Structures are given as C-alpha cells and as structure tokens.
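Protein chains in written order, with this note's numbering: chain A, 351 to 791; chain B, 351 to 791.
Using N, Cα and C, we set each Cβ at its ideal position, and we do this for glycine too.
Owing to the predicted nature of the structure, the values given are computational and were not obtained by experimental measurement.
This report concerns only the one structure given below.
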C-alpha cells in the first residue's frame, strides 16, 4: 500500500469496463484469471444478476467466500435470484447471524422499502454520552456494518427515538448525553411502502439514509440513497417501456429471451390490433361517402395520425406529471381546461397548414380540382376536431386509469393513438357529410 | 430539546406536506407565519425554484439570512435562478469565502459534474496520523461543511492521492499514517462530464460521493449521491417527454406558461404533420387501385397503425437501452438480427388475426364478399411486411440518431409512426397490386 498512487489508473473502473465488453463465457474466464483482490473488487461492484452469473457454476464451498463478502441487503438481492430449491442450501453458506437477517429480508417483496433495506445500522441508547457513543461506534465499525452518516437512537423496545449525524457527534462536548443532541423530528419509511414511494421520499428530502419502521414503530433497518439511484432508473425504464406500448421487460434488451420478448410485445400489439379492427368497421359504416368521394380517403392517414400524435403528447406529459406527483387526481379539471385551449390552438395550427396543402399542392384528380375549396374546409375542420379530441383523450385517460387503480403508464402512445383512430375517422366523415352534403356527397 | 419525541409527528414531513398543497400566495403567507426554526427546516428542504419563489419579495437584508443557511452548491442552484442583473447584488449577501466558492460553481454549466458539485469536503494530508486526522475532522465539523462518509487525501499541489472512509479511520490504530490506510484505487469525475454520465457512475458504483477533478487532476469538489436522485429523475422526464413527441418541458406541467406549452408541442406536431402530408401523396399515387377497389381503403388505418405500434415498441426499448448503456452503437447488428425475427413473428401473429377478421367478420359489400379470400391474403401479407418494417425502422432509427450526434429519444413513438405510415401505405398497395392483379385490380 506504500506505492505512489496514480490517478489515471483507476483499476475498478478498468476492470468493470473490460468485463462489460465480454460475453458470458469470456466473463467467467476473465473472472477466474484475475488476482483474488481484483476479482473481489469486481464482484462487489457488479449488480446481483451478474454476480449470480459468475457464481452459478462454482461449488458450494467456492460460493461461500464470495457470498460472505456481501452486505446482508446485497446478499438478499443475490439470493432472490437463486431458484427456490437451491436457495435453502445456499443460505446455509452464511454465518448464522447474517442468515437470520437475510431470511428476514427475503420475506419482504423485493420492491418494498423492507426489501431494499439493510438491517445493519448504528444503534445508540438515548442515555449514552457522546464520548461513549463515539467509542461504541469505533467498536461497531469492526463489523461489516453499512456505516453511514447517521446513528439511530433506540429505546429498550427497539423504537426509534432520534437520529444523530456524525457531524453532530463530532461537534458536541464529549460529556453531553445523546438524548440532548439527537434530532427528534424524524423522517422515516414504513416497511411496506413500495420503492416508487421510497425514491420519492429521497428525492424530496435529499437525505443519505432513511430508517425503516414496521407497523409497531420498531426499527427494522435503513435504506441508503445509493441503492435508490438504481431504483429510480428502474422505475423510469418501466414507464418508458410501457409508454412505448410494451410490457416492462424486466431485463436488458440483449439479455431477455426471444420468447419473452415476443410475449411482452405480442400481448399489447394484439390488444391494440383488435382495437384497431374497429377502424375497418367505422369505415365500412361510411362506405357510401367513400365510394362517392374517393378523394376523401387520401387524407385519412393524415387526419387520424394527427389525432394520435397530439394524444401521445398529452398522455406522456400527464403520465410523467402523475408519476412525479406534479399533478394529483384532484387536478384533473385544471388539466382538462388547459388541454381544451392547447388542443384548439394546436388543431388550428395544423388545420391552417392542412388547408395550405390542399390549396397549393393539388392532387391531379378531376373531382379534387373541382371541389378543392370544400375539401380544404373539411380537412381543416376535421383536424381541429381530431387534435382537440386527441389532446383531451390523451390527458384524461391517465387520470381515469389511476382512478381505477391501473398504472397510468398503460395509456401508452400506441394505446391512445388506437383509441383516437376510430373516433378520428368518425369525426372526419361526420364533418365531411355536413360540409360536402349537396356538393360532393 | 428534552421533550419526549413522538415518532408520528414528523414535523418536516408535515410542513412540506401542508406547504405543497397551497398555491403561491398562500405559500408565502404560510411561510411567514411559521416559527423561525420551522420556516428554516421547510426552506432547507425545498428545491431551488421553490426557495426562489419564497425569497423573491423579501428585502436584501431579509434575504441574507436565508441564503446564508444554504450549502454552497445549493446556494449556486438558487443564484442560477436570479435574473443576471440581480445576481451580482445578491452575491454580495454572502460572506466572502462562500461568495468565492459560489461564483466558481456558477461558472460551470448547471448540468455538468462541476455544476453539481460541492466545493467543501474534508481534506487530509497523506503524512497525517489517524489521530491527527480525527482531531482535524472534528475541528472542520464546526464549519457548515457537507461532511460525508469519505475524507480526501490531497498533496501540496491539491492533487488527489487517496480516499479514506470514516470507517477506515475509526478502525485504524491512532498512530498509523493516513498514506498507509488510504484507498488509492480512485473513482472520480471530470468537472466537464455531463450529469447523465455522473448519474451513470453513481448507479454503477453505489458510492455516496465522488470527487471531481479538473483537467490538471486538481480536486475541485465532491458530488454527493443525494443530489443525483433528482438528476436521474430529470433525465428520465426529458426522455419520456421526448418519446411522447414533445420537446422537454423543463418545468412541471401545471407551471409552464400556455405559450411555452404550445411552442414545445407545436414544433414537433407541425414537423410530424408535414411528414404525414406525404401519406396523401403516396395514396394519390395509388389512386387507380383505390378507385377500382374501394374496399382496400377500409383496412388502411389498421395496417398503418400496426406498423406504427410495432415501431413505437422497438424504438422505446432501444432508446432506453441506449440511455442505460445496455446496448452500444457497436451492437446495432445484434439488435437488427433480433428485430428481424421479432418483427416476422409479431407480423405473423397479427397477420393471422387479420385473416380471421376478414374471413369471419365480413363487411356487407358485394365486391368484398366475392373476393374475401384474396383480400384476406393481401391484408395478412401486408401486416407481416409492415410490422417487420416498423420494428426495423423503430430499432435502427435511434442508432442512426446517436451516430450523427442527435439524442436518440428524438425517435419518438409519433416520429416513428409517421415514418412508417408513408412506407406502410406503399407496402400495402404494392402487395395488393401483386396479389389482386387479375382479380380485383
């Protein structure tokens, strides 16, 4: 350790960098030929699925030393990945205290606060002095505790009474009693809140760790902010995938099996397709108009897609605003009013461009040339109606879904577009019957 | 402070809870009538824009005590919001050391590592003993330093030589020299990397803080993970809004002005609309086929939307995978191969359902009834082609955009749908000319 450090050779970084470019077989080989210390650094910095990958073919005894490297919460994440029939056996590889803790963690759903938490944290008693507390922390530091910036003050019933930051400990005179310097204005998590709520609390309070309490106010562990960064990313990934009209993949794109990929995408694609089948019914309902004025069909894709696009804009804005709690259910009417004006303005904009298109870029068709003024009016008015309708549907659907307890992100761009397609056709042909009645129709 | 703490009255939480439900005017009033200590707790826990809101009407002297409550990085975030002409004056409210640090921070782009960092951190010298270090840290803790789990070891040139965690300090014998216990295998950020990269580093290494170095390896500050949670959320919000086919709003939905909302949505809606205008041109190119077989038009929305939906699925999956670095540019051909098989399978699925629709749910039209077998074949084959094409376009467009230096999230669901609409029509009518040539056409 006496060597002169070189900043630019950051070896963990380069280990991971190198490892991440290999395929599975080469990864195992690379891992096996590393120095033990390097291999350990690499292992500790990998996420659970990759750790599992590296361990999968090792003998139980070889597994033991790797698994024992991990903190209990990371260990629980890894055990979660073991098939149930192997999990019991693998748990025996842990020392009995850790095993006890890991089994406790495994009982929580993976994405609850309880599943994210670390059961090891620094406990103090209210009646300790600062000096005793510092000595006690120094002793506790010998265990692989996930030591962090705060120490938690518990009473004899394991109920949380206060929090002391290390800074407060350092600052206070050694003979002060912990009770008199601890913060009693506590922010905490219940063990059964889900990880979306956990990450919202962290983003709200900018804290490094939050204590987790069960329903009886007993302290069960802490969730640290470093685990939350990946949670926030995961949640965003799920939302983005749903917004694109897929079920959440729950695995990296290149890792998921072909069959799972087809299932996750096929289900929604089929649902949307069945919905879209109604466009054919809607159109057959207007077959008389179509056969009399085939020229109307030329603008069908233009009109329905404008409705779909404005709907997809509105739904993605509202879904995200709901997820970040920027708007709540009670704000639906404020959103509605905004979207009425937004939809009308955007519709007028597209209607105007559409009119220019019809007038200045004529299609060489005798019927068209003869009637282009009324066609222009039909197309423009339909665009205003369709864009308004799309914006309203896109904005209201997420509220409706949240209201009935469904994830608002289900109102994906494709889902909104499909809904708006059928109604867009009805709007278009209805406008056409009114405007063109007596001339073309 | 000697009162018995009550867990369920978590006053910061309830202060913020209450505050967040008020409108702007009521917020100011609520803030003014709070006890000073409560008001400070509330203020410290708000994000910069809300802090700015509360301060905006105070006199300079009143502002001073609030601004001085903040750590330099939070202070810089707040100053960023002041109009330029007021910023100089407001900076004078700070003590000269903090002012110096805040001006240094303001020089960085807000979303670089440099703009996120805190210039105050705990510095140690390599030749100190552990005992000296602990004494020194206790002295430093008197300043409002954003003390955290690590202390950084700098040489006389301010170059970073190593990192010691508090746990290491607590564990080591008091007479050991820092140099011999520090970690020299350093993970660090350059001051000019953007916040997306910063959050990637945090999510990769699960650390509480990372040191920031300039191009000459001088240590400039630290970025702490609690600031990163909001960054990750912001980045995801931008991506989700772009995916929905809007420009990133950069403001909560209910806060953005109506004009800005119209601009952010109108620009893309217009671009997409102009793109979609080509569908009318494409269709007029096939006017002969349409007039001979009007029945073909009934399936247009069904076919183009299936292409759009499969494209939107593929693009959202790939955009997210690129953002999380699950796939890199070099993986484009692996993705291409996956999408060929996925597109063919999904296309076959929809083609099969489409065929059932045509055969078992006939439209009452003499031409249709006579030719429904060939129509079913035309619709099915077109669906396979369009879904395959949509999947490929959706998956490849994000790669292409990244390659030419544009944010892949620009390949929004609506943008991909628009591209696929025009080509989908061409595929449909081309298949129709071949299959129906001699019978319907």
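Considering only C-alpha positions, which residue in the set B:417, B:766, B:613 and B:403 is nearest to residue 379 (chain B)? Residue 379 (chain B) sits at position 29 when you count from the first residue of the second chain. Taking only the C-alpha atoms, the option nearest residue 379 (chain B) is B:403.
Identify the continuous beta strand (DSSP E) that holds residue 515 (chain B) and give its terminal residues. One-based indexing of the second chain puts residue 515 (chain B) at position 165. In the DSSP annotation of this structure, the continuous segment of the beta strand (DSSP E) that includes residue 515 (chain B) starts and ends at 510–515.
CB contact below 7 Å: residue 596 (chain B) versus chain A: Here residue 596 (chain B) refers to the residue found at position 246 of the second chain. Against chain A, the CB of residue 596 (chain B) has a partner CB under 7 Å away; the residue lies at that interface.
Is residue 604 (chain A) closer than 7 Å to residue 614 (chain A) when the C-beta atoms are compared? Within the first chain, the letter at position 264 stands for residue 614 (chain A). Within the first chain, the letter at position 254 stands for residue 604 (chain A). No, the Cβ-Cβ distance between residue 614 (chain A) and residue 604 (chain A) is not below 7 Å.
Compare the C-beta of residue 764 (chain A) with all C-beta atoms of chain B and state if any pair is closer than 7 Å. For the purposes of this step, residue 764 (chain A) is taken as the residue at position 414 of the first chain. Closer than 7 Å to some Cβ of chain B, the Cβ of residue 764 (chain A) qualifies, so yes.
Output the boundary residues of the alpha helix (DSSP H) element that contains residue 698 (chain A). In the first chain, the residue the question calls residue 698 (chain A) occupies position 348. Segment 682–710, the alpha helix (DSSP H) holding residue 698 (chain A).
Look at the alpha carbon of residue 353 (chain A) and the alpha carbon of residue 482 (chain A), and state the distance between them as a whole number of angstroms. Reading the first chain from its first residue, position 3 is the one you call residue 353 (chain A). Reading the first chain from its first residue, position 132 is the one you call residue 482 (chain A). In this prediction, residue 353 (chain A) has a pLDDT of 37, which is less than 50 and means its spatial position is unreliable; what the coordinates show is noted afterwards. Rounded to whole angstroms, the gap between the alpha carbons of residue 353 (chain A) and residue 482 (chain A) is 37 Å.
Selection of the region 610–625 of chain B by Cβ proximity to chain A, strictly under 8 Å: Flagged, chain order: 611, 612, 615, 616, 618, 619, 620, 622, 623 and 624.
I want to see whether chain A comes within less than 7 Å of residue 771 (chain B), judged by CB atoms only; does it? The residue labelled residue 771 (chain B) in the question sits at position 421 within the second chain. Answer yes: the Cβ-Cβ gap between residue 771 (chain B) and chain A drops below 7 Å somewhere.
Quick one: give me the first and last residue of the alpha helix (DSSP H) that residue 633 (chain A) is part of. In the first chain, the residue the question calls residue 633 (chain A) occupies position 283. First-last of the alpha helix (DSSP H) with residue 633 (chain A): 608–635.
Give me the Cα-Cα distance between residue 763 (chain A) and residue 462 (chain A), rounded to the nearest whole angstrom. Your numbering for residue 763 (chain A) matches position 413 in the first chain. Your numbering for residue 462 (chain A) matches position 112 in the first chain. Rounded to the nearest angstrom, the two C-alpha atoms are 29 Å apart.
Start and end of the beta strand (DSSP E) containing residue 572 (chain A)? The residue you call residue 572 (chain A) lines up with position 222 of the first chain. Here the beta strand (DSSP E) through residue 572 (chain A) covers 569–574.
Cβ-based neighbour list, residue 546 (chain A), same chain, cut-off 7 Å, excluding 5 preceding and 5 following: The sequence position of residue 546 (chain A) within the first chain is 196, counting from 1. Cβ neighbours of residue 546 (chain A) beyond the five flanking positions: 585.
Under the assumption that residue 417 (chain A) contacts residue 396 (chain A) (Cβ atoms under 8 Å), give the Cβ distance between them as a whole number of angstroms. The sequence position of residue 417 (chain A) within the first chain is 67, counting from 1. The sequence position of residue 396 (chain A) within the first chain is 46, counting from 1. A Cβ-Cβ separation of about 13 Å leaves residue 417 (chain A) out of contact with residue 396 (chain A) under the 8 Å criterion.
Taking 7 Å as the CB-CB limit, is residue 724 (chain B) close to chain A? The count along the second chain starts at 1 and reaches residue 724 (chain B) at position 374. It does not; no Cβ of chain A falls within 7 Å.
Using a threshold of 7 Å, state whether the C-beta atoms of residue 659 (chain B) and residue 594 (chain A) are closer than that. If you number the second chain from 1, residue 659 (chain B) lands on position 309. If you number the first chain from 1, residue 594 (chain A) lands on position 244. Result no, Cβ atoms of residue 659 (chain B) and residue 594 (chain A) do not sit closer than 7 Å.
From the DSSP output, in three-state form, read off residue 659 (chain B) for me. For the purposes of this step, residue 659 (chain B) is taken as the residue at position 309 of the second chain. Collapsing the DSSP output to three states places residue 659 (chain B) in a helix.
Quick one: is residue 385 (chain A) buried, meaning 16 or more other Cβ sit within 10 Å of its Cβ, or exposed? In the first chain, counting from the first residue as 1, residue 385 (chain A) sits at position 35. By the 10 Å Cβ count, residue 385 (chain A) comes out exposed.
Cα-Cα separation, residue 616 (chain B) to residue 696 (chain A): On the second chain, position 266 is the one that residue 616 (chain B) refers to. On the first chain, position 346 is the one that residue 696 (chain A) refers to. The alpha-carbon of residue 616 (chain B) is positioned some 6 Å away from that of residue 696 (chain A).
On the three-state DSSP scale, how would you describe residue 382 (chain A)? Here residue 382 (chain A) refers to the residue found at position 32 of the first chain. Taken through DSSP and simplified to helix, strand or coil, residue 382 (chain A) comes out as helix.
Just to confirm, is the Cβ distance from residue 657 (chain B) to residue 736 (chain B) under 7 Å? Numbered from 1 along the second chain, position 307 holds the residue referred to as residue 657 (chain B). Numbered from 1 along the second chain, position 386 holds the residue referred to as residue 736 (chain B). Yes.
Skipping 5 residues on each side, what residues in its chain have a beta carbon closer than 7 Å to that of residue 743 (chain A)? The count along the first chain starts at 1 and reaches residue 743 (chain A) at position 393. Shown here for residue 743 (chain A): same chain residues with a beta carbon closer than 7 Å to its own, the five before and five after excluded, namely 661, 766, 769 and 770 in chain order.
Contact list for residue 775 (chain B) against chain A, beta-carbon separation under 8 Å: Sequence index remark: in the second chain, residue 775 (chain B) carries index 425 (1-based). Under the 8 Å cutoff, chain A gives 651.
Pop quiz: residue 554 (chain A) and residue 366 (chain B) are said to be a contact at Cβ under 8 Å. What is the actual Cβ separation, rounded to whole angstroms? As a working note, residue 554 (chain A) is residue 204 in the first chain. As a working note, residue 366 (chain B) is residue 16 in the second chain. Taking C-beta atoms under 8 Å as the contact rule, residue 554 (chain A) and residue 366 (chain B) qualify, at a distance of about 7 Å.
Among the candidates B:457, B:407 and B:530, whose CA atom is the shortest distance from the CA of residue 479 (chain B)? Counted from its first residue, the second chain places residue 479 (chain B) at position 129. Of the listed residues, the one whose Cα sits closest to residue 479 (chain B) is B:530.
Distance check for residue 633 (chain A) and residue 557 (chain A), CA to CA, integer angstroms please. Against the first chain, residue 557 (chain A) aligns to sequence position 207. Against the first chain, residue 633 (chain A) aligns to sequence position 283. Here the alpha carbon of residue 557 (chain A) sits roughly 57 Å from the alpha carbon of residue 633 (chain A).
From the beta carbon of residue 781 (chain A), is the nearest beta carbon of chain B less than 7 Å away? Along the first chain, read from residue 1 onward, the residue named residue 781 (chain A) stands at position 431. Not one chain B Cβ lies under 7 Å of residue 781 (chain A).
Whose C-alpha, out of A:711, A:377 and A:706, is nearest the C-alpha of residue 730 (chain A)? Here residue 730 (chain A) refers to the residue found at position 380 when the first chain is read from its first residue. Of A:711, A:377 and A:706, the residue nearest in Cα terms is A:706.
Who are the near neighbours of residue 727 (chain A) in its chain, counting only those whose CB is closer than 7 Å to its CB and skipping five residues on each side? One-based indexing of the first chain puts residue 727 (chain A) at position 377. Take residue 727 (chain A), set aside five residues on each side of it, and the residues of its chain with a beta-carbon closer than 7 Å to its own are 785, in chain order.
I want to see whether chain B comes within less than 7 Å of residue 761 (chain A), judged by CB atoms only; does it? Translated into positions along the first chain, residue 761 (chain A) becomes position 411. The Cβ of residue 761 (chain A) sits no closer than 7 Å to any Cβ of chain B.
Compare the C-alpha of residue 589 (chain A) against each of B:448, B:431 and B:667 and name the closest. For the purposes of this step, residue 589 (chain A) is taken as the residue at position 239 of the first chain. Shortest Cα-Cα distance from residue 589 (chain A) to any of B:448, B:431 and B:667 involves B:667.
For residue 510 (chain A), which of A:517, A:476 and A:542 has the nearest alpha-carbon? In the first chain, the residue the question calls residue 510 (chain A) occupies position 160. Checking every option, the nearest Cα to that of residue 510 (chain A) belongs to A:476.
Going along the region 453–483 of chain B in order, which residues come within less than 7 Å of chain A, judged by CB to CB distance? Sequence-ordered contacts of the region 453–483 of chain B with chain A are nonexistent [C-beta pairs closer than 7 Å].
My guess is that residue 569 (chain B) and residue 490 (chain B) are in contact by the Cβ rule of under 8 Å, so how many angstroms apart are they, rounded? Taking the first residue of the second chain as 1, we reach residue 569 (chain B) at position 219. Taking the first residue of the second chain as 1, we reach residue 490 (chain B) at position 140. Approximately 15 Å separates the beta-carbon atoms of residue 569 (chain B) and residue 490 (chain B); this is outside 8 Å, ruling out the contact.
Apply the 10 Å Cβ neighbour rule to residue 377 (chain A) and answer buried if 16 or more other Cβ atoms are within range, or exposed otherwise. The count along the first chain starts at 1 and reaches residue 377 (chain A) at position 27. By the Cβ neighbour-count rule, residue 377 (chain A) is buried, with 16 or more other Cβ atoms within 10 Å of its own.
Three-state secondary structure (DSSP) at residue 716 (chain A)? In the first chain, the residue the question calls residue 716 (chain A) occupies position 366. The DSSP-derived three-state label of residue 716 (chain A) is helix.
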